[in-house]
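A.B. asks: Read top to bottom, the protein sequences are chains A and P.
Residue numbering for the first sequence follows our numbering, starting at 1 and increasing by one per position.
Residue numbering for the second sequence follows our numbering, starting at 1 and increasing by one per position.
The C-beta atom is built at its ideal place from N, Cα and C for all residues, glycine as well.
All values derive from a computational prediction rather than experimental measurement.
Protein chains: 2
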Amino acid sequence: MHNFSSGPAILPKTVMQQAAAACIDLDDSGLSILEISHRSKAFTAVMEETEALLRELIGISDHHAVLFLSGGASSQFFMAPMNLLPANATACYIDTGVWSAKAIKEAQLFGNVEVLASSKAANYTYIPKQVEIPSDATYLHLTSNNTIYGTQYRSFPMTNVPIVCDMSSDILSYPIDIEQFGLIYAGAQKNMGPAGMTLVIVRKDLLGKTERAIPSMLDYRLHIANGSLYNTGPVFPIYVTMLTLRWLKGQGGVTEMQQRNQVKADLIYQEIDANPLFECPNATEDRSVMNAVFVAKNAAHEKPF
Amino acid sequence: MHNFSSGPAILPKTVMQQAAAACIDLDDSGLSILEISHRSKAFTAVMEETEALLRELIGISDHHAVLFLSGGASSQFFMAPMNLLPANATACYIDTGVWSAKAIKEAQLFGNVEVLASSKAANYTYIPKQVEIPSDATYLHLTSNNTIYGTQYRSFPMTNVPIVCDMSSDILSYPIDIEQFGLIYAGAQKNMGPAGMTLVIVRKDLLGKTERAIPSMLDYRLHIANGSLYNTGPVFPIYVTMLTLRWLKGQGGVTEMQQRNQVKADLIYQEIDANPLFECPNATEDRSVMNAVFVAKNAAHEKPF
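#1: Would you say V240(A) reaches chain P, if we count a Cβ-Cβ gap shorter than 8 Å as a contact?
#2: Using the three-state DSSP reduction, which class does E51(A) fall into: helix, strand or coil?
#3: In the stretch 51-139 of chain A, which residue ranges form an unbroken beta strand (DSSP E) of at least 3 residues, counting only runs that do not cross its ends?
#4: In whole angstroms, what separates the C-alpha of V115(A) from that of A87(A)?
#5: With a CB to CB cut of under 7 Å and the five nearest residues on each side skipped, what residues in its chain are close to Q180(A)?
#6: From what residue to what residue does the alpha helix (DSSP H) around D266(A) run?
#7: Quick one: using the 10 Å Cβ neighbour count with 16 as the cut-off for buried, is V131(A) buried or exposed?
#8: In chain D, what lies closer than 7 Å to H223(A) by C-beta?
#9: For E51(A) and L31(A), I'd like the C-alpha separation in whole angstroms.
#10: For L11(A), which option in G193(A), N291(A), T125(A) has the closest C-alpha, if you only look at C-alpha atoms?
#11: With distances taken between CB atoms, is the gap from T232(P) to Q189(A) smaller than 8 Å?
#12: Assuming H301(P) and V202(P) are in contact, meaning their beta carbons sit under 8 Å apart, how far apart are those beta carbons, in whole angstroms?
#13: Given 8 Å as the limit, is there contact between the stretch 165-183 of chain P and the stretch 207-216 of chain A, that is, 3 or more CB pairs closer than that?
#14: Quick check: what's the CA-CA separation for C23(A) versus D27(P)?
#15: Looking only at DSSP bridge pairs, what is R287(P) linked to?
#16: Where does the unbroken alpha helix (DSSP H) through V15(A) begin, and where does it stop?
#17: Taking all protein chains shown into account, do 16 or more other C-beta atoms lie within 10 angstroms of the C-beta of I306(P), making it buried, or fewer, making it exposed?
#18: Quick one: any contact between the stretch 140-157 of chain P and the stretch 279-295 of chain P, if contact means 3 or more CB pairs under 8 Å?
#19: So which residues of chain P does E56(A) contact, with C-beta pairs closer than 7 Å?
#20: Residues in the stretch 67-92 of chain A with C-beta within 7 Å of chain P's C-beta atoms, listed in sequence order?
#21: Run through DSSP, which three-state label would A296(A) get?
#22: Closest by CA to L109(A), which one among A101(P), V293(P), M217(P)?
#23: Identify, in the order they occur along the chain, each residue of the same chain with its Cβ nearer than 6 Å to the Cβ of N145(A), setting aside the five sequence neighbours on each side.
#24: Report all residues from its chain with a CB closer than 8 Å to the CB of N123(A); omit the five preceding and five following residues, and keep chain order.
#25: Can you name the start and end residues of the alpha helix (DSSP H) that Y220(P) belongs to?
#26: Please return the same chain residues whose Cβ sits closer than 6 Å to the Cβ of V235(A), not counting the five positions on each side in sequence.
#27: I'd like to know if N3(P) contacts chain A, where contact means its C-beta is closer than 8 Å to some C-beta of that chain.
#28: Which ranges does the alpha helix (DSSP H) cover as unbroken runs of at least 4 residues, wholly within the stretch 162-247 of chain P, from first to last along the chain?
#29: With DSSP as the reference, label H141(P) as helix, strand or coil.
#30: Are L54(A) and K249(A) closer than 8 Å when you measure CB to CB?
#31: For a contact defined as C-beta to C-beta under 8 Å, what are the partners of I24(P) on chain A?
#32: Taking its Cβ as the centre, do 16 or more other Cβ atoms sit within 10 Å of A137(P), making it buried, or is it exposed?
#33: Look up F156(A) in the DSSP assignment and say whether it is helix, strand or coil.
#34: If you draw a straight line from the C-alpha of D205(A) to the C-alpha of D62(A), how long is it?
#35: Which residue's Cα is closest to the Cα of G97(P): A121(P), G253(P), Q251(P)?
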């Protein structure tokens, strides 16, 4: 079965089978993962293993906290500036598609927002490069992979400004240097598990500087202090994420994923480039390894296709 | 298996079996519920059936919108005042336990909060009654059932002020008159499904009056306009909630649940009252039908028990 729809993506078959089994009985506990207490020993072990696997696979040091929050990446569009950006400071954004644009809109509620570059006028067919980043910016926000437009950062800007990055659609698909990032967020449903959980990796020393009154559930510091267990969290998505991470580690980790994805992408782009009817509209060096986009050369062929 | 832990509660066995099956293949779609698009026909049908069942079982008219939001009831502690309470207006709260107290704390970030009554000094062993409610209050906030203390509103105050009610632990366990309520919210994990989704039932004419800039994901109006599908929602908890609601309807609905719970509660309280070692500390008329609390008459017996 191939799923070309928007939103959630395909998970490994073994993960789905284990998730189904846990709906009936989690590891012979006699309880379903759907009804187990988030404060039980069994679930505490799930949380610890999930965090440990993420730290190992991505290479996350103690400078960064790892949080499993309810909801999707869209909530981080406002939680990131709410937690990081003082009202009189400036956050820089690069606009590479609809997700960046939504993030920019939400940030404007909290402080000054400077859009350093945008490829909107070219229908988002490239990633702006050689962008000058003001050294006094609180952070630089990027969307690493643009699902709708099929473009992707193949390397991140070199800057001392902490990067805040929406990695929802390409996290765990290539190695990163975590020290470049102030904050990484990613909805679970593309590369980790079912919808309903967002992974947040945040550099702890960047927090607590806004002097803003933040509701408890929106305050990263409160979730860090409570190990993501301030309230009942997204138990089932966290469990499935653990299963996916175990699978990913067994396959060889993010370097192996990067190689496999590159092989798949090369095959698809070769076919698109050779095909007389279709073309990829995007700059060659910015083509996404995660999702290849193609359009009919003759626009009249789009609808029938 | 009996689950006495905090947090999520037991679901009907048939619901768990159907949820497990859907992890492998949702209704012969060839896709798992964990990977299906939230914009697919199959999932749109799930959303529509879940809302229709809730409207039928609770008796919800067109005055109220029904939303399925990510996260737990704790997020509604701040979202309710953020969406309903203008900065210069007053919301009234009755403090009946730790959940009420948390709701009060979050509301104070948004407007004037008047705590009309509290049973805290009596260790929350009763529900304050005959409370005078100022007629110009924007809303009156109640926690209908207090899980930790074992008290429950057995009837709601008669007032023209819209009631905002946290029904996380007793929704769908008795009939209500929806017209009394401006807003009802309930985390799914007690009476409906797995953790990660909160049901919000809100009177539409109360919205849009705060003149506050609200982040998109926190604005009830945006979710109403998008039928809870502005972003990828908590797909799996919504699906399991639908299964539970089908089961609940098949059992006879909320009136039947009320009768069954009363029979169970009567048995437990009879035993507690007759037992020479234990007692229920709560006012007889406020004892929760959902969760009976008992303590040792001799405090020295608590630890060994």
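C.D. replies: Let me lay it out:
#1: V240(A) counts as touching chain P.
#2: Assignment of E51(A) by DSSP, reduced to helix, strand and coil, places it in the helix class.
#3: Taking only runs of at least 3 residues, the beta strand (DSSP E) segments lying wholly in the stretch 51-139 of chain A are 64-70, 90-95, 112-118.
#4: Spanning the alpha carbons of V115(A) and A87(A) requires a straight line of approximately 17 Å.
#5: Sequence-distant partners of Q180(A) (beyond 5 residues in either direction) whose C-beta falls short of 7 Å from its own C-beta, in its chain, are F156, I163.
#6: Segment 253-274, the alpha helix (DSSP H) holding D266(A).
#7: Counting Cβ neighbours within 10 Å, V131(A) comes out exposed, since fewer than 16 surround it.
#8: Included in the structure are the protein chains A and P, with no chain D among them.
#9: Taken atom to atom, the span from the alpha-carbon of E51(A) to that of L31(A) is near 23 Å.
#10: Closest option to L11(A), judged by alpha-carbon separation, among G193(A), N291(A), T125(A): G193(A).
#11: In this structure, T232(P) lies near Q189(A), with their beta-carbon atoms less than 8 Å apart.
#12: Separation of the CB atoms of H301(P) and V202(P) is rounded to 46 Å, and the pair is thereby denied contact status at 8 Å.
#13: Judged by Cβ distances under 8 Å, the stretch 165-183 of chain P makes no contact with the stretch 207-216 of chain A, as fewer than three pairs qualify.
#14: Note on geometry: alpha-carbon atoms of C23(A) and D27(P) lie some 17 Å from one another.
#15: Residue pairing by DSSP puts R287(P) in a beta bridge opposite T151(P).
#16: Its alpha helix (DSSP H) spans residues 13-24.
#17: Absent from the model: residue 306(P). The displayed extent of chain P is 1 to 305, so no value can be given.
#18: Contact check between the stretch 140-157 of chain P and the stretch 279-295 of chain P: three or more CB pairs, one atom from each, fall below 8 Å, which counts as touching.
#19: Chain P residues near E56(A): none, gap ~24 Å exceeds 7 Å.
#20: Along the stretch 67-92 of chain A, the positions whose C-beta sits under 7 Å from a C-beta of chain P are S70, G71, G72, S74, S75, F78, read in chain order.
#21: Three-state result, A296(A): strand.
#22: Nearest of A101(P), V293(P), M217(P) to L109(A), Cα basis: M217(P).
#23: Apart from sequence neighbours up to five positions away, the residues of its chain that approach N145(A) with a beta-carbon distance below 6 Å are Q152, S169, D170, S288, M290, ordered along the chain.
#24: Excluding residues within five positions, the ones whose Cβ falls inside 8 Å are Y149, P281.
#25: First-last of the alpha helix (DSSP H) with Y220(P): 220-225.
#26: Closer than 6 Å at the Cβ level, and outside the excluded window around V235(A), lie H38.
#27: Per-residue confidence for N3(P) stands at a pLDDT of 48, beneath the threshold of 50, marking its modelled position as unreliable; the derived number appears in the next sentence. So yes, N3(P) belongs to the interface.
#28: Along the stretch 162-247 of chain P, the alpha helix (DSSP H) occurs as fully enclosed runs of 4 or more residues at 188-191, 220-225, listed in sequence order.
#29: H141(P): strand per DSSP, three-state reduction.
#30: By the CB criterion at 8 Å, L54(A) and K249(A) fall outside the cutoff.
#31: Below the 8 Å Cβ cutoff, chain A contributes M16, Q17, A20 as neighbours of I24(P), in chain order.
#32: Counting C-beta atoms within 10 angstroms of its own C-beta, A137(P) has 16 or more neighbours from the protein chains shown and is therefore classed as buried.
#33: Here F156(A) sits in coil by DSSP.
#34: Whole-angstrom Cα-Cα distance: 11 Å.
#35: Here the closest residue by C-alpha is A121(P).
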